[in-house]
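S.K.: Take a look at this one; I'll ask things after.
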Amino acid sequence: MTVKTKYEAVIGIECHVELKTRSKMFCGCANEFGGEPNTKVCPVCLALPGALPVANKEAIEHMIRAGLAFGATIPAFSKFDRKNYFYPDMPKDYQISQYDMPLTLGGSVGYWLEDGTLKECRLTRIHLEEDTGKSMHAGGGDGRIAGSAYSLIDFNRAGVPLMECVSEPDLTSAQEAVGYLEALKRTFVQLGVSDVKMEEGSLRCDANVSIRPAGSMKLGTKAEIKNMNSFRSVLRAIESEITRQIDVLESGGRVVQETRGWDEAQGVTHSMRSKEEAHDYRYFPDPDLVPMEIDPALVERLKATIPALPHDRFVRYHREYGLDPKQATQLVDNLPLAEYFDACVSASGNAQLSTNFVLGDLSRLANETGTPVYASPVTSASLAELIGLVEAKAITSKTAKELLERMWAGEGSPKAIVEKEGLAQTSDAGEIERFVAEVLAANEKAAADYKAGKTNILGFLIGQVMKASRGKANPALAEELLRKKLE
Amino acid sequence: MNELVTRSAAQIARDVNGKRVSAREITAAVLQRVDETDDRLGCYLSRLNELALDCAQRADRRIAAGETLPLAGVPIAIKDNMCLRGTRTTAGSKILENWIAPYTATAVQLILDAGGIPIGKANLDEFAMGSSCENSALGVTRNPYDLSRVPGGSSGGPAAAVASFQAAIGLGSDTGGSIREPGAFCNVVGFKPTYGRVSRYGLIAFASSLDQIGPLTRTVEDAALAYDVMAGHDPSDSTSINRAVEPAANALREDLKGLRIGVVKEFATAKLGPEIDALYKRAYRELADLGADVVDISLPTADYGLATYYLIAPAECSSNLARFDGVRYGLRVEGDDVGQMYERTRAAGFGPEVKRRILIGTYALSSGYYDAYYVKAQKARTMFAQDFRRAFEHCDLIAAPAASSPAFEFNAKSDPYSMYMMDYYTIPMSLAGLPALSVPCGYAGTPQLPMGLQLAAPLFEEAKLLGAAHAYERATEYASKAALAV
Ligand SMILES: [Zn+2]
Numbered sequence: 001m002t003v004k005t006k007y008e009a010v011i012g013i014e015c016h017v018e019l020k021t022r023s024k025m026f027c028g029c030a031n032e033f034g035g036e037p038n039t040k041v042c043p044v045c046l047a048l049p050g051a052l053p054v055a056n057k058e059a060i061e062h063m064i065r066a067g068l069a070f071g072a073t074i075p076a077f078s079k080f081d082r083k084n085y086f087y088p089d090m091p092k093d094y095q096i097s098q099y100d101m102p103l104t105l106g107g108s109v110g111y112w113l114e115d116g117t118l119k120e121c122r123l124t125r126i127h128l129e130e131d132t133g134k135s136m137h138a139g140g141g142d143g144r145i146a147g148s149a150y151s152l153i154d155f156n157r158a159g160v161p162l163m164e165c166v167s168e169p170d171l172t173s174a175q176e177a178v179g180y181l182e183a184l185k186r187t188f189v190q191l192g193v194s195d196v197k198m199e200e201g202s203l204r205c206d207a208n209v210s211i212r213p214a215g216s217m218k219l220g221t222k223a224e225i226k227n228m229n230s231f232r233s234v235l236r237a238i239e240s241e242i243t244r245q246i247d248v249l250e251s252g253g254r255v256v257q258e259t260r261g262w263d264e265a266q267g268v269t270h271s272m273r274s275k276e277e278a279h280d281y282r283y284f285p286d287p288d289l290v291p292m293e294i295d296p297a298l299v300e301r302l303k304a305t306i307p308a309l310p311h312d313r314f315v316r317y318h319r320e321y322g323l324d325p326k327q328a329t330q331l332v333d334n335l336p337l338a339e340y341f342d343a344c345v346s347a348s349g350n351a352q353l354s355t356n357f358v359l360g361d362l363s364r365l366a367n368e369t370g371t372p373v374y375a376s377p378v379t380s381a382s383l384a385e386l387i388g389l390v391e392a393k394a395i396t397s398k399t400a401k402e403l404l405e406r407m408w409a410g411e412g413s414p415k416a417i418v419e420k421e422g423l424a425q426t427s428d429a430g431e432i433e434r435f436v437a438e439v440l441a442a443n444e445k446a447a448a449d450y451k452a453g454k455t456n457i458l459g460f461l462i463g464q465v466m467k468a469s470r471g472k473a474n475p476a477l478a479e480e481l482l483r484k485k486l487e
Numbered sequence: 488m489n490e491l492v493t494r495s496a497a498q499i500a501r502d503v504n505g506k507r508v509s510a511r512e513i514t515a516a517v518l519q520r521v522d523e524t525d526d527r528l529g530c531y532l533s534r535l536n537e538l539a540l541d542c543a544q545r546a547d548r549r550i551a552a553g554e555t556l557p558l559a560g561v562p563i564a565i566k567d568n569m570c571l572r573g574t575r576t577t578a579g580s581k582i583l584e585n586w587i588a589p590y591t592a593t594a595v596q597l598i599l600d601a602g603g604i605p606i607g608k609a610n611l612d613e614f615a616m617g618s619s620c621e622n623s624a625l626g627v628t629r630n631p632y633d634l635s636r637v638p639g640g641s642s643g644g645p646a647a648a649v650a651s652f653q654a655a656i657g658l659g660s661d662t663g664g665s666i667r668e669p670g671a672f673c674n675v676v677g678f679k680p681t682y683g684r685v686s687r688y689g690l691i692a693f694a695s696s697l698d699q700i701g702p703l704t705r706t707v708e709d710a711a712l713a714y715d716v717m718a719g720h721d722p723s724d725s726t727s728i729n730r731a732v733e734p735a736a737n738a739l740r741e742d743l744k745g746l747r748i749g750v751v752k753e754f755a756t757a758k759l760g761p762e763i764d765a766l767y768k769r770a771y772r773e774l775a776d777l778g779a780d781v782v783d784i785s786l787p788t789a790d791y792g793l794a795t796y797y798l799i800a801p802a803e804c805s806s807n808l809a810r811f812d813g814v815r816y817g818l819r820v821e822g823d824d825v826g827q828m829y830e831r832t833r834a835a836g837f838g839p840e841v842k843r844r845i846l847i848g849t850y851a852l853s854s855g856y857y858d859a860y861y862v863k864a865q866k867a868r869t870m871f872a873q874d875f876r877r878a879f880e881h882c883d884l885i886a887a888p889a890a891s892s893p894a895f896e897f898n899a900k901s902d903p904y905s906m907y908m909m910d911y912y913t914i915p916m917s918l919a920g921l922p923a924l925s926v927p928c929g930y931a932g933t934p935q936l937p938m939g940l941q942l943a944a945p946l947f948e949e950a951k952l953l954g955a956a957h958a959y960e961r962a963t964e965y966a967s968k969a970a971l972a973v
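In order, the protein sequences belong to chains A and B.
In terms of my numbering, the first sequence has 184 at position 184, counting the first letter as 1, and numbering is strictly consecutive.
In terms of my numbering, the second sequence has 549 at position 62, counting the first letter as 1, and numbering is strictly consecutive.
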């Protein structure tokens, strides 16, 4: 048993996702990324004396839809609480959050690993809160507070709605953590509740990592890892932290409960603060906001708006249609293409050929022309028609490729083109024999080589027959007839 | 004294709308009255002469154009914890001493839109925490009936301004008695509507779940007039009530026939001394003489009001006042780092009573103490509401003292607890969110100084409450039976 397999990791993720809403969580300011500093602010989100919050309905509905997508319970009552601590970016010096009555409870996130293994991670809760502003430290110190002469604060982001998703400690590796996060991201994007742009800070996550002897049920002491700014840094940070904790235990030490920051450049985590220094946030119900009663009719109405979820799609593509995990993922991550694909599968009844065309020739044409497949003249119905022609052996796959290019160019439905140009595949032995004779006459050397034992020349000769027939010849029949002539 | 300044708000509005006098004339007279008396009284922290004259001109123009304005030309004293765009808004604190509000509170805007004339921003106990106005960091306000005494608090400035004819309506805020007690001390009507009736948007928060804006006026009719203008739902305040408002001005009455008025057993006034005991007994008799059926009722939890209030209000204030940190506005005292800047700013910016309440509240919310203090206080608060609901099964209104004594001398209440006791009779109604008012009911002490009778009604029954207070006021006319010291 190696040191690595002697231990297993237990990981839970807390991640903050900015919600996509027209206005901020508690005021009418626009919820938009960027802009000149302090241009998207008002008395409420600057916490001017006397200003009061009003909860954003759209954000609450986003939360309920997110919860429903993961099978969470939507409690009938929910409320906002104040989380009190002093922080210059936080205008009220308390954050409006949810403490003991979040909008959604439980549920689970289905995800998959690169090899297609399906996994599940339970959710503890998702709650709604507001974002802070952003500090910039200026006048020396290279952007760090130490050594800077003064700090500037941009409150444009202050008060933007955030959902905090808290997972159960169900994850056992860095890969699983990333798989889980990717599933969250895909789902939120498809629900339209967030753009999930990590580079704009609209998804930020912390990981609770502990290790224990493999097979043990007892949880080890956890460290909370912060400052992970991309899925790649989540992967690296958790791997590095697991290794660090194993090293600590193997060298006879003990893991202490603390918050550790991920240092992207050094590739290590370092201690930020221990549990003893933890804040007492003095949570209490926000008296400026009345408790929320969630109408069951609203929940039902929102349930009806939830689309086919990425995880269900993946399972269907991978398990049912037999797409490899990479192909399935590629489709799942491109919703309009996936919908196009689904329409084609249901019209043609052939998932394999639909996959080949959609992810093969059509995606190539899309790349070449810059027009997305689903917006091209090749509709899912006409692609299904083409697949039908291939299945019926009415055309060869070579003709199919050619047809596809012409359909892309807007020449109409495949059947129409085939009829107009007589491109239908022929299995008329007499007609093919004429092409075979023609080809053998023109390629005497190749014919001689074949007879001399160089049988791999046959492919070339078949190709010549196909060319002579302008692709119409049934290739299997052409091969049979060629062999007959040559032997 | 110019007779114009002594007119009631209702009278002024009638006269200005009837073009018998202009808003400008009224305003000029009131500004002159302030000039003559405010050096001695100290009602205002900021004078708004220019704005007042502008508003008067605008009111006169609107009336000339055919509009009728409910508060045409009515001079208003605004407690300085309400935002008015472009004016210094201090909350009586050094931490906001030079802060200019960039927006206007909803209630203030409604008053201005109705033709009210803002005369000035009136003094208060710092962040509305206190019962004498002595906690103001920015000025001393004196009782217009005895300059050696306090005007009450925290709405001492508006109460004294209305009593001394420096305004016809004072906008006050009441958290545990801050309108009713100074109303009693200054011989005026002090009215706190149901919690949530008047928008809190733009009112600098002390305790969010208790704060409520209301008027201080020389007549009940004027209180009804101001209330009718300010009451109503405000989408900017989530706690404001979305429910139709019955106009109080139409509900004023001349007798109390058919009303049952409850006197709270637990509020026995004997402990306030024979003179005050006799005064309140006389008041209850006067209610009966007007036709009310005066009955005994019980509020078993009444004695826990103060303890409950002094957990909930400080807990909320400890959080509400966190934003005064020197980062974005107000006072900043620099430090070596942001933590030191916070500490120095707040140490220099807040007065002792505010600090005391922030400490109490921080403690009450701390982990390990939260359940024992804050949660228990919230449970007690639910019991208050239940007690009142039960009591109102036996009566339509409740009568009680508005304060346990007349106005006291400066520095007379040196320990915080004896100051807190001033609100003993007003706090239970605040905890239950009830509408309540104080109306002048006679004089006590040496010299004889004004006392107030408190009347309270079930939630949302402001019209009934003001109607009854009007009958009492008309029958007794106590307010007019004393001479001002200015
Ligand atoms: Zn805003």
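Every residue, glycine too, gets a C-beta built ideally from N, C-alpha and C.
(1) For residue 928/B, report the span of its alpha helix (DSSP H) as first-last.
(2) Short of 6 angstroms in beta carbon distance, which residues of its chain neighbour residue 981/B, apart from the five on each side in sequence? Order them along the chain.
(3) For chain B, is any of its Cβ atoms less than 9 angstroms away from the one on residue 22/A?
(4) Going along the segment 823-836 of chain B in order, which residues come within less than 7 angstroms of chain A, judged by CB to CB distance?
(5) If you count every other CB in all the chains shown that lies within 10 Å of the CB of residue 348/A, and 16 or more means buried, which is it?
(6) Can you confirm whether residue 570/B, when its beta carbon is compared against all beta carbons of chain A, has any partner nearer than 9 angstroms?
(7) Hey, could you find the ends of the alpha helix (DSSP H) residue 678/B is sitting in?
(8) Less than 8 angstroms between the CB of residue 52/A and some heavy atom of ligand 1, yes or no?
(9) Please work out which residues of its chain come closer than 7 angstroms, Cβ to Cβ, to residue 816/B, disregarding the five sequence neighbours upstream and downstream, and give them in chain order.
(10) If the criterion is Cβ atoms closer than 9 angstroms, does the pair residue 615/B and residue 639/B meet it?
(11) Would you mind listing the beta strand (DSSP E) stretches within the segment 532-593 of chain B that are 3+ residues and don't spill past its ends, in chain order?
(12) Considering just the uninterrupted stretch of the alpha helix (DSSP H) at residue 762/B, what are its terminal residues?
(13) Can you list the residues of chain B that residue 94/A reaches, using a CB-CB cut of under 7 angstroms?
(14) Could you tell me the distance, in whole angstroms, from the CA atom of residue 885/B to the CA atom of residue 712/B?
(15) Starting from residue 211/A and walking both ways along the beta strand (DSSP E), at which residues does that stretch end?
(16) Is any heavy atom of ligand 1 found at a distance shorter than 8 angstroms from the C-beta of residue 46/A?
(17) Just checking: is the beta-carbon of residue 578/B within a distance shorter than 9 angstroms of some beta-carbon in chain A?
(18) Does DSSP put residue 344/A in a helix, a strand or coil?
(19) Note down, in chain order, each residue of its chain lying with its Cβ closer than 6 angstroms to the Cβ of residue 603/B, except the 5 sequence neighbours on either side.
(20) If I'm right that residue 129/A touches residue 103/A with Cβ under 8 angstroms, what's the distance once you round it to whole angstroms?
(21) Given 8 angstroms as the limit, tell me if residue 41/A has its C-beta closer than that to any heavy atom belonging to ligand 1.
(22) Rank 469/A, 54/A, 236/A, 158/A by C-alpha distance to the C-alpha of residue 263/A and give the top, closest one.
(23) In chain A, which residues lie less than 9 angstroms from residue 691/B when you measure between Cβ atoms?
(24) Over what stretch of residues does the alpha helix (DSSP H) that includes residue 197/A continue unbroken?
(25) From what residue to what residue does the alpha helix (DSSP H) around residue 673/B run?
(26) Could you work out which residues of chain A lie near residue 446/B, taking near to mean beta carbons separated by less than 7 angstroms?
(27) What residues from chain A crowd round residue 849/B, counting only those whose CB sits closer than 8 angstroms?
(28) Counting only runs that start and end within the segment 683-721 of chain B, where is the alpha helix (DSSP H) found for 4 or more residues in a row?
(29) Using DSSP with H/G/I as helix, E/B as strand and the rest coil, what is residue 99/A?
(30) Closest Cβ-Cβ distance between residue 722/B and chain A: below 9 angstroms?
(31) Within its chain, find whatever has a CB closer than 8 angstroms to the CB of residue 856/B; leave out the 5 residues flanking it on each side and keep chain order.
(32) Look at residue 588/B and residue 50/A and say whether their C-beta atoms are less than 9 angstroms apart.
(33) With DSSP as the reference, label residue 382/A as helix, strand or coil.
(34) Can you list, in chain order, the residues of its chain whose CB lies under 8 angstroms from that of residue 306/A, leaving out five sequence neighbours each side?
(35) Mind reading off the beta-carbon distance from residue 784/B to residue 878/B? Whole number of angstroms is fine, and I expect it under 8 angstroms.
(36) Less than 7 angstroms between C-beta atoms, sequence neighbours within five positions excluded: which residues of the same chain meet that for residue 601/B?
M.R.: On the basis of the supplied data:
(1) Taking the second sequence and counting its residues from 1, one reaches residue 928/B at position 441. Looking at the DSSP string, residue 928/B is not in any alpha helix (DSSP H); the run it does join, the beta strand (DSSP E), is 923-931.
(2) In the structure displayed, chain B extends from 488 to 973; residue 981/B sits before or after that span and is not available.
(3) Here residue 22/A is taken as the residue at index 22 of the first sequence, counted from 1. No, residue 22/A does not count as interfacial toward chain B.
(4) 825, 829
(5) In the first sequence, residue 348/A corresponds to position 348, counting from 1. With 16 or more other Cβ atoms within 10 Å, it is buried.
(6) Sequence index remark: in the second sequence, residue 570/B carries index 83 (1-based). Yes - at least one Cβ of chain A is within 9 angstroms of the one on residue 570/B.
(7) As a position in the second sequence, residue 678/B is number 191, starting the count at 1. Counting along the chain, residue 678/B falls outside any alpha helix (DSSP H), though it belongs to the beta strand (DSSP E) covering 676-679.
(8) Your numbering for residue 52/A matches position 52 in the first sequence. No, Cβ of residue 52/A sits at least 8 angstroms from all heavy atoms of ligand 1.
(9) Here residue 816/B refers to the residue found at position 329 when the second sequence is read from its first residue. Same-chain partners within the cutoff: 586.
(10) Here residue 615/B refers to the residue found at position 128 of the second sequence. Here residue 639/B refers to the residue found at position 152 of the second sequence. In this structure, residue 639/B does not lie closer than 9 angstroms to residue 615/B by Cβ.
(11) 562-566
(12) Here residue 762/B refers to the residue found at position 275 when the second sequence is read from its first residue. It spans 761-776 - the alpha helix (DSSP H) in which residue 762/B sits, taken as one unbroken run.
(13) As a working mapping, residue 94/A is identified with position 94 in the first sequence. Neighbours of residue 94/A on chain B, chain order: 806, 809.
(14) Stepping through the second sequence from its first residue, residue 885/B is reached at position 398. Stepping through the second sequence from its first residue, residue 712/B is reached at position 225. If I take the Cα positions, the gap works out to 23 angstroms.
(15) Counting from 1 along the first sequence, the entry for residue 211/A is found at position 211. From DSSP, the beta strand (DSSP E) with residue 211/A extends over 203-213.
(16) For the purposes of this step, residue 46/A is identified with residue 46 of the first sequence, where counting begins at 1. Yes - ligand 1 has a heavy atom lying nearer than 8 angstroms to the Cβ of residue 46/A.
(17) Against the second sequence, residue 578/B aligns to sequence position 91. Yes, contact with chain A.
(18) As a position in the first sequence, residue 344/A is number 344, starting the count at 1. It is helical.
(19) As a working mapping, residue 603/B is identified with position 116 in the second sequence. Counting only Cβ-Cβ distances below 6 angstroms, and skipping sequence neighbours, we find 558, 561, 563.
(20) On the first sequence, residue 129/A is found 129 positions in, with the first residue counted as 1. On the first sequence, residue 103/A is found 103 positions in, with the first residue counted as 1. Not a contact, Cβ separation roughly 11 angstroms.
(21) For the purposes of this step, residue 41/A is taken as residue 41 along the first sequence, with counting starting at 1. For ligand 1, at least one heavy atom lies less than 8 angstroms from the Cβ of residue 41/A.
(22) Here residue 263/A corresponds to residue number 263 of the first sequence, with the count starting at 1. The shortest C-alpha separation from residue 263/A is found at 236/A.
(23) For the purposes of this step, residue 691/B is identified with residue 204 of the second sequence, where counting begins at 1. By Cβ distance, chain A contributes 49, 50.
(24) One-based indexing of the first sequence puts residue 197/A at position 197. From DSSP, residue 197/A is part of no alpha helix (DSSP H); its letter is neither H nor E.
(25) Locating residue 673/B in the second sequence gives position 186, where the first residue counts as 1. Neither: residue 673/B is in no alpha helix (DSSP H) and is coded neither H nor E.
(26) Limits of chain B in this structure are 488 at one end and 973 at the other, which puts residue 446/B out of reach.
(27) Translated into the one-based positions of the second sequence, residue 849/B becomes position 362. Those are 282, listed as they occur along chain A.
(28) 707-717
(29) Mapped onto the first sequence, residue 99/A falls at position 99. Of the three classes helix, strand and coil, the one that applies to residue 99/A here is coil, per DSSP.
(30) For the purposes of this step, residue 722/B is taken as residue 235 along the second sequence, with counting starting at 1. Yes - at least one Cβ of chain A is within 9 angstroms of the one on residue 722/B.
(31) Here residue 856/B corresponds to residue number 369 of the second sequence, with the count starting at 1. Hits under 8 angstroms: 850.
(32) Residue 588/B sits at position 101 when you count from the first residue of the second sequence. Residue 50/A sits at position 50 when you count from the first residue of the first sequence. In contact: residue 588/B and residue 50/A (Cβ atoms closer than 9 angstroms).
(33) Reading the first sequence from its first residue, position 382 is the one you call residue 382/A. Residue 382/A: helix per DSSP, three-state reduction.
(34) For the purposes of this step, residue 306/A is taken as the residue at position 306 of the first sequence. Around residue 306/A: 65, 68, 69, 191.
(35) On the second sequence, residue 784/B is found 297 positions in, with the first residue counted as 1. On the second sequence, residue 878/B is found 391 positions in, with the first residue counted as 1. So it is a contact: roughly 4 angstroms between Cβ atoms.
(36) In the second sequence, counting from the first residue as 1, residue 601/B sits at position 114. Excluding residues within five positions, the ones whose Cβ falls inside 7 angstroms are 556, 557, 558, 716.
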